[in-house]
Amino acid sequence: MTAELAFVHRFEPGAGARPLLLLHGTGGDENDLVPLGQMVAPDAPLLSPRGKVLEHGAPRFFRRLAEGVFDETDVRSRANELADFIVAARTAYDLGPPVALGYSNGANIAAAVMLLRPEALDGAILLRAMAPLAHPERTGGLAGKSVLIISGADDPIAPPANAARLKAMLEQAGARVDHRILAAGHQLSQADVRFAREWLDAGSGERKPAAAR
Ligand code: MLT
535 MTAELAFVHR FEPGAGARPL LLLHGTGGDE NDLVPLGQMV APDAPLLSPR GKVLEHGAPR
595 FFRRLAEGVF DETDVRSRAN ELADFIVAAR TAYDLGPPVA LGYSNGANIA AAVMLLRPEA
655 LDGAILLRAM APLAHPERTG GLAGKSVLII SGADDPIAPP ANAARLKAML EQAGARVDHR
715 ILAAGHQLSQ ADVRFAREWL DAGSGERKPA AAR
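Set out below in structure tokens:
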């Protein structure tokens with residue numbers, strides 16, 4: 535089922551109230567994270583766009599200049615384009631605000647959307663994430679929203695120290711952030727699935743009034 539929207543995407547309906555926005559890693563596509571989404575939130579509607587940037591044929595969500603060195607002008611424009619897609623897809627599919635579930639490059643664009651267009655997402659699970667911007671300009675827009683970052687202790691691509699910088703940025707913008715570091719590398723493990731599911735089951739992706747946190 536594909537409406538005329540600005541990203542190639544896959545949509546899987548679900549009875550749950552909280553949709554997941556699935557954002558794949560470099561070289562993935564809209565099908566990659568559907569099994570993961572179904573494991574962590576079996577009832578959730580799943581909205582899964584494909585990144586529009588091609589790096590030697592591998593889809594991504596924004597350009598990079600080298601491994602771990604991002605084209606921040608592109609990060610900004612692609613994050614806004616993705617946020618516009620989320621708004622349009624919510625209307626097309628009659629969805630509430632989604633929680634992002636992103637891996638690697640997909641986690642990085644989700645973090646950029648949280649920082650630049652905080653209204654577009656209700657929360658985020660960021661698997662093997664890095665800080666996508668050196669100096670995000672917005673602050674305060676994430677009050678009442680929650681983010682789970684899961685890093686691999688031995689991840690050479692997205693080191694936990696870089697994810698800790700992202701945590702600080704999101705907290706400065708008002709988010710409540712849990713950062714877990716697993717005995718893992720860049721690849722996902724069963725522990726990622728378990729922690730993501732527990733975090734969602736605990737209602738952590740739901741927006742709460744700041745006073746109630
Ligand atoms: C990125 O480019 O977003 C990160 O280096 C992760 C990756 O996709 O390899």
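Going by our numbering, the first residue of the sequence shown is number 535, and it counts up by one from there.
We treat Cβ as the ideally placed atom computed from N, Cα and C, and that holds for glycine.
In terms of DSSP beta bridges, what is residue i paired with?
i	result
P524	Not covered by the structure: residue 524. The range shown for the chain is 535 to 747.
R598	F604
E546	L580
D712	L682
V587	R594
V633	L554, G657
Skipping 5 residues on each side, what residues in its chain have a beta carbon closer than 7 Å to that of residue i?
i	result
R597	V587, D605, D608
L676	M648, P652, L704, A707, G708, A709
A613	I643, A646, V647, L650, R651
S680	G657, A709, R710, S738, G739
Which residues in the same chain have their Cβ closer than 8 Å to the Cβ of residue i, if we skip the five residues on either side of it in sequence?
i	result
V621	A654
P593	H558, T560, G561, G562, D563, R584, G585, K586, V587
R610	A646, L650, L667
D688	A717, A718, G719
Would the beta-carbon of residue i fall within 8 Å of that of residue j?
i	j	result
L661	G636	yes
L580	G602	no
A663	E615	no
L554	A575	yes
Consult DSSP for residue i and reduce its assignment to one of helix, strand or coil.
i	result
S738	coil
A540	coil
L567	coil
A592	strand
A744	Because A744 carries a pLDDT of 44, less than 50, the predicted location of this residue cannot be relied on, and no value is offered for it.
R731	helix
L667	coil
L700	helix
A623	helix
D688	coil
Taking 7 Å as the cut-off, does the CB of residue i come closer than this to any heavy atom belonging to the ligand FMN?
i	result
N696	No copy of the ligand FMN occurs in the structure displayed; its ligands are the ligand MLT alone.
Going along the chain, which residues of its own chain have a beta-carbon closer than 6 Å to the beta-carbon of residue i, five neighbours each way excluded?
i	result
H669	none
L682	I659, D712, W733
- Message: Three or more C-beta pairs under 8 Å: does that hold for the segment 714–723 against the segment 616–633?
- Response: no
- Counting Cβ pairs, one atom from each stretch, are 3 or more of them under 8 Å apart for the segment 730–737 and the segment 692–704? no
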